[in-house]
Amino acid sequence: MRVVENLNAALHELMERDPELYLLGEDVVDPYGGAFKVTKGLSTRFPDRVLSTPISENAITGVAAGLALAGNSAIVEIMFGDFVTLAFDQLVNFAAKSVSMYGAPVPMRMVVRCPVGGGRGYGPTHSQSLQKHFIGVPGLALYEVSPFRDNAAVLAEMFARQEPCVLFEDKVLYTRPMNEVAAPFRLDEQSPGVARVSLDERPDCVVIAPGGVAHRAMAAMSSLLLEEEIVCTLLVPSRLYPLGLELPPGTRRVFVVEESTGGGTWGAEVAHQIHRAHWDALDGPVTLVHSADSVIPTAPHLESAVLVDASTIHRVIRETLRG
Amino acid sequence: MRVVENLNAALHELMERDPELYLLGEDVVDPYGGAFKVTKGLSTRFPDRVLSTPISENAITGVAAGLALAGNSAIVEIMFGDFVTLAFDQLVNFAAKSVSMYGAPVPMRMVVRCPVGGGRGYGPTHSQSLQKHFIGVPGLALYEVSPFRDNAAVLAEMFARQEPCVLFEDKVLYTRPMNEVAAPFRLDEQSPGVARVSLDERPDCVVIAPGGVAHRAMAAMSSLLLEEEIVCTLLVPSRLYPLGLELPPGTRRVFVVEESTGGGTWGAEVAHQIHRAHWDALDGPVTLVHSADSVIPTAPHLESAVLVDASTIHRVIRETLRG
Amino acid sequence: MMVTTEAAAAVRPPGDEDLSLLLTIRAFEEKLLDLFGRGMLNGTTHTCLGQEYVPVAMEGLLEARDHVFSNHRGHGHYLARHRDPEGLLAEIMGRRGAVCAGVGGSQHIRRERYLSTGVQGESLPVACGVALHLRRTEPGALACVYIGDGTFGEGGVYEALNLAALWRLPLLVVVENNGIAQSTPIARSMAGSIAGRAAAFGVEHRRIESMEVDEIRAQLADAVRAVREGAPLVAEFVTPRLGPHSKGDDTRPAEEIARLRAVDWYARYAEAEPERFQRLDREARAAVDAVAEDVVAREPS
Amino acid sequence: MMVTTEAAAAVRPPGDEDLSLLLTIRAFEEKLLDLFGRGMLNGTTHTCLGQEYVPVAMEGLLEARDHVFSNHRGHGHYLARHRDPEGLLAEIMGRRGAVCAGVGGSQHIRRERYLSTGVQGESLPVACGVALHLRRTEPGALACVYIGDGTFGEGGVYEALNLAALWRLPLLVVVENNGIAQSTPIARSMAGSIAGRAAAFGVEHRRIESMEVDEIRAQLADAVRAVREGAPLVAEFVTPRLGPHSKGDDTRPAEEIARLRAVDWYARYAEAEPERFQRLDREARAAVDAVAEDVVAREPS
Ligand SMILES: Cc1ncc(C[n+]2csc(CCOP(=O)(O)OP(=O)(O)O)c2C)c(N)n1
Ligand SMILES: Cc1ncc(C[n+]2csc(CCOP(=O)(O)OP(=O)(O)O)c2C)c(N)n1
Ligand SMILES: [Mg+2]
Ligand SMILES: [Mg+2]
């Protein structure tokens, strides 16, 4: 099953189980079913709760917040995550704040879905991974779709938090299979919501990567194993923030991989937490691997030069461990 | 001279020197002169280039970008920095991107001024310090008003970058005097745009703090010196991002202080850079001192419990150095 | 400001309950300015002096099941809805009994189906969401949003009006058009008219120039009933802001403020029915004084 | 879509230069779909098939000193302005000679006073800024912004219209109303009308149903002249989107597309003046083919 099918099935399941759940977004209704077809079939089954909206990212996010205030659950699809910038005020200053700024907790069950990432030649305003800009908003949790976690569980967890959540979905991940790792690596769950891809032997380093770059990280892990006999353990957290991540005992080297362009990345926050908790155990600072500090160009040769890929990950890990 | 007067004088000087410079914002014209009186007198002297606008943060930021595209310089005042969330799209997806996404560099001389910070009982939507959410946008530079740097120089530097800049201005700083430090500390410039407050003797630690919290840091430094004989050197960078900061040789302990609420703070980015450059020289991880991970309440007793203050800084530094 | 002194002609003050509520709001706001003047309040506040009759009139048209969204200038909206000067003052002063535990303060208040926030324009899309909920689960109930004339600068207002009309939401937008936004006169902030803004989205519009509670209710009753059936409405009140925007920041010429004071319901009602007015006014002020004395003495929230 | 087949009645194709430009844009867009079909293009593209006459007509009213802002569906806008299929195709394909070095691609193009970007609604406020500049330093010049009907969902559009009217900016908003936004028909995205949206801000509005370049210019000449004096204008073109939103994502019923094709200028002009049409069409296609052959063979930008 491909990721997009898993996500679509999860939405069908949730819409069916929760009669108070709405889904809103641009062009989400059938037969179109959303720009990336994630919402296919939903409006046909739940016509009164799946609504195509005008091109109004700000307002539809506010509508979701209003539904949440009234006791409903709501999912907003932002066609391209780049445009969630238009909903930044509703998310930061209203939805997230409402959870606590009225003195008593206000449950706000809403999820803003953001397809993100490049690699498809969509250009500078349709290819970004803006996760980092949403870190540290009180009352706002961040998740990223992973090939290693059923999205029904992810969505259920987000709504159970009773606070607004943003779900980032790497566009290139949609067509990838779920739960597939290349031999000899094995997949298991390190802790609730954190997938682990590893070998039996003690790893030389730990690689932390959200779902969107997991395949790139795994490709690097395979080539590092074959060409350099470097053993990596990959951890893929479903929740990016607040981050609940335990390093395997004995970890001495950590790499954080993400597609975000350079500067103030999610990895810097992860590194900070790891440095505080494991300073003495580490052989060196956590190494961040991300895309260049640049807009994301359209032309394939320029785009691939900017975006993080398996070869970059391979090189950085090799150079860091082998000097 | 108080900071607000220095900032006002800087704006007068710039408006006079550059006949192509516009200033836009809500209620910025005389006699009102802006919510915090930073723009007093400007519209009287330059009526055709100082414009009060409707309550349209998104559009006026776009207007500034248009002026910049056309070769003008533009300053936007966002009445409360909290509302710059409404201009996030224009800043991130248009203004900053225009610098590079059209293949050849496009000079974009624009500054978005954001009064930030709490301590005045304005409540959750009028007290935030949202600097962290703007870190790492390609083509966007971040500055913060400092009591130790003439704002005419700051503004000149921002325009010289030819890329959009956000200038954060701590509201409580407005009424503080410029260039004042308590004896026995001395003030000088460590490097261009980075002020240093220090003693002759070798410091036990380095404290890095933007202008808005400089006074709180200095108060802690004084009490640490008197009560604990702990010697601190304070570095106050005018530019927050991209950060150009050199640690004094021999630095073994670093603290980063900021008013931002917890999670994904500016300090995490600073810490990451310091860890990469000075890993072996440090006795421990860079320590971040910031406000709690919470909305900023209105009631004074609740607000002060959330916001970082001198006593928190004092305690964290003492505990970190003395255990 | 189109309020004309002719309005003063045939003055008939509202019944005791409405008049008492008007006087309570007036007393409350003046008490706040007094406390500020004496340095007993921190933060900021935006009084609705002169505009008290708007929420008082609206409450007569609203039902308990309706939702009310308010803004920075919301004390009157709250008091008209919940008759709770004590909880509100405690909130503003951060004392025990604060309706939002002192976290929200003057601009961020929530109680049952009443909610205010301090960022202009945010509430309209949110109210659309609540209205969408109501249309399906509580047909007949509506979401009422108070905004000012200056808030029409915000794009979110139009995104919401469009949704409300497209989806036939029970949304009632009450515009308190006091002709000014902080220091900016409406002529410098709004091209066209509020009526035109509503018409652009096929949304009904009523312009209310009366300050008389009963008259206003009569003028709006049908349209508000229609809102409950899914015909969104913009009810524009032409109303005077007698006080400063927040505190001591009024840059309007004295003559203009004098002109506004001349149409103030307070003076007109005092003159029209001195005896009843004085009695109810005394009662209202005494009650607010008592609340203030009590709340001021309380420990922090 | 209000385009009626009556329009087909008395067909007089435009002069050679305009017709050639129309045919060049048509040939260019079809070439793109062809290249996509053969897997030779990556990324995305939005063709203006059916709408070519809008920028061709507008160019006759615009001057070199004017600024033009375009959107995602901007190939026609660019070609009408710069007659540069080579630079555009190279940009879209990321080859040597790309007008923006391949960084921007189809949706992010800048050349001299022409600029496009891919986020709906962003360009209006920006164009207001440029218009503010022009009003002071180049009186008589204007800023022209192309947007679609669906883009009226964005609040920024209204914030900008308000500023343009308040500040009397030389802003010309050309609305390509093709009755659909991606897959959403205008009835589901817009309450009221575009005329009403303009009127709400006191902005002039013209609705153009003609597809004839010369007729359109005649209908708009005065209003565009007024824009140069500071009277902003919304020029709404009722126009057919013949192709998919981007590639192969057209969910409209076949009959509807057939109805649109029936009013397509291409077929009507071919029938009206076969000889001249064929000659110019052959020339245009030959030129575009040559450009494509050349560009495809080039090294990356
Ligand atoms: C998004 C946003 N921008 C600016 C402000 C600052 N502000 C608070 S009230 C106000 C004026 C509002 O005017 P209006 O809507 O007419 O309401 P009034 O104060 O007249 O009741 C402004 C600019 C704000 N609260 N939110
Ligand atoms: C802010 C934003 N939201 C969504 C999109 C995705 N999108 C691209 S084109 C389009 C439809 C635009 O419709 P319209 O304005 O009518 O122009 P048309 O495509 O019909 O020419 C959408 C939703 C976008 N580019 N920007
Ligand atoms: Mg007002
Ligand atoms: Mg369209």
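Residue numbers (the numbering used here), protein chains in the order written: chain A, 1 to 323; chain B, 1001 to 1323; chain C, 2001 to 2301; chain D, 3001 to 3301.
Built from N, CA and C at the ideal position, the CB exists for glycine as well.
I need the DSSP call for residue i, collapsed to helix, strand or coil.
i: residue 2001 (chain C); result: Per-residue confidence for residue 2001 (chain C) stands at a pLDDT of 41, beneath the threshold of 50, marking its modelled position as unreliable; the derived number appears in the next sentence. Correct three-state label for residue 2001 (chain C): coil.
i: residue 1030 (chain B); result: coil
i: residue 2114 (chain C); result: strand
i: residue 2144 (chain C); result: strand
i: residue 265 (chain A); result: coil
i: residue 2046 (chain C); result: coil
i: residue 137 (chain A); result: coil
i: residue 1179 (chain B); result: coil
i: residue 1015 (chain B); result: helix
i: residue 3152 (chain D); result: helix
i: residue 3055 (chain D); result: helix
i: residue 3301 (chain D); result: coil
i: residue 1288 (chain B); result: strand
i: residue 1143 (chain B); result: strand
i: residue 2006 (chain C); result: Here the model assigns residue 2006 (chain C) a pLDDT of 48, short of 50, so the residue's position is not dependable, and the following value carries that caveat. Helix.
i: residue 1035 (chain B); result: coil
How would you write the range of the alpha helix (DSSP H) that residue i sits in, first residue to last?
i: residue 3191 (chain D); result: From DSSP, residue 3191 (chain D) is part of no alpha helix (DSSP H); its letter is neither H nor E.
i: residue 1064 (chain B); result: 1057 to 1069
i: residue 126 (chain A); result: Per DSSP, residue 126 (chain A) belongs to no alpha helix (DSSP H) and is neither H nor E.
i: residue 2212 (chain C); result: Counting along the chain, residue 2212 (chain C) falls outside any alpha helix (DSSP H), and DSSP gives it neither H nor E.
i: residue 1946 (chain C); result: Look at the range of chain C in this structure, 2001 to 2301, and you will see that residue 1946 (chain C) is not part of it.
i: residue 158 (chain A); result: 151 to 160
i: residue 222 (chain A); result: 211 to 223
i: residue 1110 (chain B); result: From DSSP, residue 1110 (chain B) is part of no alpha helix (DSSP H) but of the beta strand (DSSP E) over 1110 to 1116.
i: residue 3077 (chain D); result: 3075 to 3082
What are the boundary residues of the beta strand (DSSP E) that includes residue i?
i: residue 2205 (chain C); result: 2204 to 2208
i: residue 1296 (chain B); result: No beta strand (DSSP E) holds residue 1296 (chain B); DSSP gives it neither H nor E.
i: residue 1208 (chain B); result: 1205 to 1208
i: residue 1052 (chain B); result: 1050 to 1052
i: residue 2238 (chain C); result: 2233 to 2238
Can you tell me whether residue i is buried or exposed? The criterion is at least 16 other CB atoms within 10 Å of its CB, across all chains shown.
i: residue 3006 (chain D); result: Residue placement at residue 3006 (chain D) is flagged as unreliable, the pLDDT there being 48, under the threshold of 50; the coordinate-derived value follows with that caveat. Exposed: under 16 other Cβ atoms inside 10 Å.
i: residue 3110 (chain D); result: buried
i: residue 2029 (chain C); result: buried
i: residue 2037 (chain C); result: exposed
i: residue 10 (chain A); result: buried
i: residue 3014 (chain D); result: buried
i: residue 3137 (chain D); result: exposed
i: residue 3047 (chain D); result: buried
i: residue 2282 (chain C); result: exposed
i: residue 2160 (chain C); result: buried
- Task: Under 6 Å from any heavy atom of ligand 4, by CB: list those residues in chain order, please.
- Result: D:3148, D:3149, D:3150, D:3178, D:3180 and D:3181
- Message: Within 8 Å, do at least three Cβ pairs link the region 157 to 177 of chain A to the region 203 to 219 of chain A?
- Response: Three or more beta-carbon pairs separated by less than 8 Å link the region 203 to 219 of chain A to the region 157 to 177 of chain A, which places the two stretches in contact.
- Message: Quick test of the definition: if touching needs 3 or more C-beta pairs under 8 Å, does the region 2161 to 2180 of chain C touch the region 2126 to 2138 of chain C?
- Response: A contact between stretches requires three or more CB pairs, one per stretch, nearer than 8 Å, and the region 2161 to 2180 of chain C meets this requirement with the region 2126 to 2138 of chain C.
- Cβ pair count under 8 Å reaching 3, the region 1298 to 1313 of chain B against the region 2235 to 2250 of chain C: no
- Message: Using 8 Å as the cut-off, can you tell me whether the region 1252 to 1263 of chain B makes contact with the region 1193 to 1207 of chain B, which would need three or more C-beta pairs spanning the two stretches below that distance?
- Response: yes
- Do three or more CB pairs link the region 3079 to 3087 of chain D to the region 1055 to 1074 of chain B at distances below 8 Å? Contact between the region 3079 to 3087 of chain D and the region 1055 to 1074 of chain B is not established, with fewer than three Cβ pairs separated by less than 8 Å.
- Tell me, please, whether the region 121 to 139 of chain A touches the region 3055 to 3063 of chain D by the rule of three or more beta-carbon pairs shorter than 8 Å. Cβ pair count under 8 Å is below three, so no.
- Does the region 2065 to 2078 of chain C come close enough to the region 1261 to 1270 of chain B to have 3 or more Cβ pairs within less than 8 Å? no
- Kindly confirm or deny that the region 287 to 300 of chain A and the region 117 to 125 of chain A touch, where touching means at least three C-beta pairs closer than 8 Å. yes
- Taking contact to mean at least 3 C-beta pairs separated by less than 8 Å, is the region 1191 to 1205 of chain B in contact with the region 1226 to 1234 of chain B? yes
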